[in-house]
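Everything in the sequence shown is counted per the numbering used here, starting at 426 for the first residue and increasing by one.
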Amino acid sequence: MLQRIQTVWLLLALACLIAFIALPFGALTISADGVEAVGQLFAYDFIGLIIPAALAVILSLIAIFAYGNLGFQKSCVLLSIAMTLVSIGITVYILCDRATEGTISWTWCGAFTLGALLFEILALAGINHDIKLLRSYDRLR
426 MLQRIQTVWL
436 LLALACLIAF
446 IALPFGALTI
456 SADGVEAVGQ
466 LFAYDFIGLI
476 IPAALAVILS
486 LIAIFAYGNL
496 GFQKSCVLLS
506 IAMTLVSIGI
516 TVYILCDRAT
526 EGTISWTWCG
536 AFTLGALLFE
546 ILALAGINHD
556 IKLLRSYDRL
566 R
């Protein structure tokens, strides 16, 4: 059923991941000859970042509609958590990379991946609760 609590958590995780992809997660400031240029860092500008972020979005979307098969839904959420962790790692690497010229600053939009991770973990807890509940019903039969 779509009204289970893990669906709400997955929708919130999906919204956070889409916001992370659409909004800048950092800014790059380059100063040369007294002229300062500022560029925004978007997830879709980095192929190594957009792939795991997009996979996390797709897996979360699949998990929302896989409510009839809790095992498959749990697998999708676990893979989505893994892709979100990869996205967080790549984002931190990009923002802490010292090889780039200029100054990289963080923006609050980078925290959307942390929110997505939290919501995915809550969805996983809801799925595990449903699995335990169904097993207890099977024992009663």
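Positions of the beta carbon are idealized from the N, C-alpha and C atoms, including for glycine.
Verify whether the separation of the beta carbon atoms of residue i and residue j is less than 9 angstroms.
i: Val-502; j: Ala-488; result: yes
i: Ala-481; j: Ser-505; result: yes
i: Gly-473; j: Leu-520; result: no
i: Thr-532; j: Leu-453; result: no
Please report how far the alpha carbon of residue i lies from the alpha carbon of residue j, in whole angstroms.
i: Gly-551; j: Phe-467; result: 32 angstroms
i: Asp-555; j: Ser-530; result: 42 angstroms
i: Ala-541; j: Ala-438; result: 4 angstroms
i: Ser-561; j: Ala-478; result: 36 angstroms
Looking only at its own chain, which residues have a Cβ that is under 6 angstroms from the Cβ of residue i, when we skip the five neighbours before and after it?
i: Phe-537; result: Cys-441, Ala-444, Phe-445
i: Gly-527; result: Leu-453, Thr-454, Ile-455
i: Ile-513; result: Thr-538
CB-CB under 7 angstroms to residue i, same chain, minus the five flanking residues each way: which ones, in chain order?
i: Leu-547; result: Trp-434
Among the options, which has the Cα closest to the Cα of residue i?
i: Leu-436; options: Val-463, Ile-513, Leu-549; result: Leu-549
i: Gly-535; options: Leu-484, Gln-465, Ser-561; result: Gln-465
Starting from the C-beta of residue i, find all residues in its chain whose C-beta is less than 8 angstroms away, skip the five residues before and the five after it, and write them out in chain order.
i: Leu-495; result: Ile-552, Asp-555, Ile-556, Leu-559
i: Phe-471; result: Ile-515, Ile-519
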